[in-house]
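Structure record follows, encoded as structure tokens.
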């Protein structure tokens, strides 16, 4: 009689860092597309995580996100990254309108002792799929951004990290009295990523 066991995939620190940084790249593209920060026609459709995803074809934005994900991977592998925030701001006033917050918990035992964890790729993909679906449906729970917008990425690291010269100290670009929506999380067993979007209250609704 044949016996079957659920197959698990070995996850290394480097592999987990690659998964999380790649996730952020795709999530950022999806946010920029679904929130209308860049024109619809400037994105191309690809398949990732078993879902149709959209990637910017704007060379400047592509280079910016590639540089960011590369640096994030390095910090993740060192266990130094605590949080990534994608901020959408008014182009005219620079006021923060939305903050997409990705909080990261790192298994210190893996970083300090090189312990290897196990989790199936399919399970991780299903968890990421759930987040991407929520991002894609964000138009249903977030107010319309009815003005030209720009974005920036903030990285919160341990204090002893030396940031490259392309990264500069920034204020937190906080939103006063924000509304918040907690999204799904995913866990590689080495890095756990919790997702939360906060946004500016609609003043018209407040007057109701």
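Numbering (my numbering), first residue to last: 409 to 616. Here a beta-carbon is modelled for each residue, glycine too, at the ideal position from N, C-alpha and C.
> To the nearest angstrom, how far is it from the Cα of residue 505 to the Cα of residue 423?
Replying inline: 34 Å
> Tell me the DSSP bridge mates of residue 583?
Replying inline: DSSP lists no partner for residue 583.
> In angstroms, rounded to a whole number, what distance separates the CA positions of residue 536 and residue 456?
Replying inline: 10 Å
> Shortest alpha-carbon distance to residue 549 belongs to which of 426, 591 and 436?
Replying inline: 591
>> So, at 6 Å on beta carbons, what are the nonlocal neighbours of residue 569 in its own chain, with the 5 sequence-adjacent residues on each side left out?
In response: 488
> Between the Cα of residue 479 and the Cα atoms of 578, 553, 426 and 511, which residue gives the shortest distance?
Replying inline: 426
> Since residue 506 is in the beta strand (DSSP E), which residue starts that stretch and which ends it?
Replying inline: 504 to 514
>> Let me check one thing: in DSSP terms, what residues is residue 605 bridge-paired to?
In response: 508 and 589
> Which residues in the same chain have their Cβ closer than 8 Å to the Cβ of residue 437, if we skip the five residues on either side of it in sequence?
Replying inline: 451, 461, 462, 463, 464 and 473
>> By the three-class DSSP mapping on this structure, what secondary structure does residue 441 have?
In response: helix
> What is the residue span of the alpha helix (DSSP H) that residue 481 lies within?
Replying inline: 467 to 485
> In this structure, what does DSSP give as the bridge partners for residue 460?
Replying inline: 455
> Going by C-alpha distance, which of 579, 596 and 519 is nearest residue 430?
Replying inline: 596
>> Considering Cα atoms alone, identify which of 512, 529 and 493 is closest to residue 391.
In response: The first residue shown for the chain is 409 and the last is 616, placing residue 391 beyond what the model contains.
> Using the rule of at least 16 other Cβ atoms within 10 Å of the residue's Cβ for burial, across every protein chain shown, is residue 521 buried or exposed?
Replying inline: exposed
> How should residue 585 be labelled, buried or exposed, when 16 other C-beta atoms within 10 angstroms of its C-beta is the threshold for buried?
Replying inline: exposed
> Around the Cβ of residue 578, are there at least 16 other Cβ atoms within 10 angstroms (buried) or fewer (exposed)?
Replying inline: exposed
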